[in-house]
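Visitor:
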Amino acid sequence: MKIHDVSVGLHPEMYVYPGDPEFSLARMKTGDAFISSLSLGTHTGTHIDAPAHYFENGFSVDELDLKNLILPAEVVTSPLLPTQNCKAVLFKNAVPLSLETAELLLMKGVKTVGCDTPSIGDDDVHRFLLKNAIVIIEMLDLTEICDGVYQMIALPLKIEGADASPARVVLLDDML
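Residue numbers for the sequence shown, in numbering that gives the first Met the number 0: 0 to 175.
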């Protein structure tokens, strides 16, 4: 079994979406040990959006159904569309999704959609996907990943009431 970590590493010089808080890490000594203090936005690096990102009464990230985050996922290079019946699709070299593509993914039964860019699409695409309980994963690192089907494990931090969370996302092959 090969494990592919497709998460972007967090570091002070990393890309942050315009207007979002910058990432910072401060190490400090407490007695004989060291601890770190983090400051970051919920949409920093590889992250998972929940409906609360756009809807006041939407599910928060800690309420997402984990079965939509641990499942087979098809990686496809844009502008290709998925050919398998996976409930998760990850777009490599992603272009912003159109509303028509988002509707097609919903009709195919997709529950999770991801991309290797800062945003899956415009506000209308975000609202459509999240309103229809399709989880969004953004800022994946798919540069070393070939198109195909993998077992995906994408776990956000369990931040109660949050609209999104940084996540560690891995793809496993030879598991299906």
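No residue lacks a Cβ here, since even glycine has one placed at the ideal position from N, Cα and C.
To which residues of the same chain is D146 closer than 6 Å at the C-beta, ignoring the five residues directly before and after it?
Guide: V74, V75 and T76
Visitor: Grab the span of the beta strand (DSSP E) containing A153 for me, first residue to last.
Guide: Going by DSSP, A153 is part of the beta strand (DSSP E) stretching over G147 to P155.
Visitor: Exposed or buried, what is H42 when buried is set at 16 or more other beta-carbons lying within 10 Å of its beta-carbon?
Guide: buried
Visitor: Are the CB atoms of L129 and I135 nearer to each other than 8 Å?
Guide: yes
Visitor: Rounded to the nearest angstrom, what separates M151 and E159 at their Cα positions?
Guide: For M151 and E159, the distance between alpha carbons rounds to 23 Å.
Visitor: Classify K86 as helix, strand or coil using the three-state DSSP reduction.
Guide: coil
Visitor: Beta-carbon separation of L113 and F90 under 8 Å?
Guide: Just to set this straight, residue 113 is Gly in the shown sequence, not Leu. Yes, they are a contact pair.
Visitor: Strictly by DSSP, which residues pair up with S23?
Guide: S38
Visitor: For L70, list the residues DSSP reports as bridge partners.
Guide: M151
Visitor: With respect to the alpha helix (DSSP H) encompassing H10, which residues constitute its N-terminal and C-terminal limits?
Guide: No alpha helix (DSSP H) contains H10, which DSSP labels as neither H nor E.
Visitor: Confirm, please, whether the CB-CB distance from V5 to I133 is below 8 Å.
Guide: no
Visitor: Between P165 and the rest of its own chain, which residues show a CB-CB distance below 6 Å, the 5 nearest in sequence each way excluded?
Guide: Correct list, in chain order: T43, G44 and H46.
Visitor: Could you give the residue range of the alpha helix (DSSP H) that holds A101?
Guide: L98 to M106 is the span of the alpha helix (DSSP H), which, as asked, contains A101.
Visitor: Which residue wins for smallest C-alpha separation from P78, given the options T29, A72, D31 and V94?
Guide: V94
Visitor: By Cβ distance below 8 Å, which residues in the same chain neighbour E62 in space, the five residues on each side in sequence not counted?
Guide: A49
Visitor: Using a Cβ-Cβ cut-off of 8 Å (strictly less than) and excluding sequence neighbours within five positions of S35, which residues of its own chain qualify?
Guide: L24, A25, R26 and M27
Visitor: If we call anything under 8 Å between Cβ atoms a contact, is A153 one with L39?
Guide: no
Visitor: Return the CA-CA distance between C85 and T29, expressed in angstroms with no decimal places.
Guide: In this structure, the CA atom of C85 is about 47 Å from the CA atom of T29.
Visitor: Given this structure, state the Cα-to-Cα distance separating M106 from F33, to the nearest angstrom.
Guide: CA-CA distance, M106 to F33, rounds to 50 Å.
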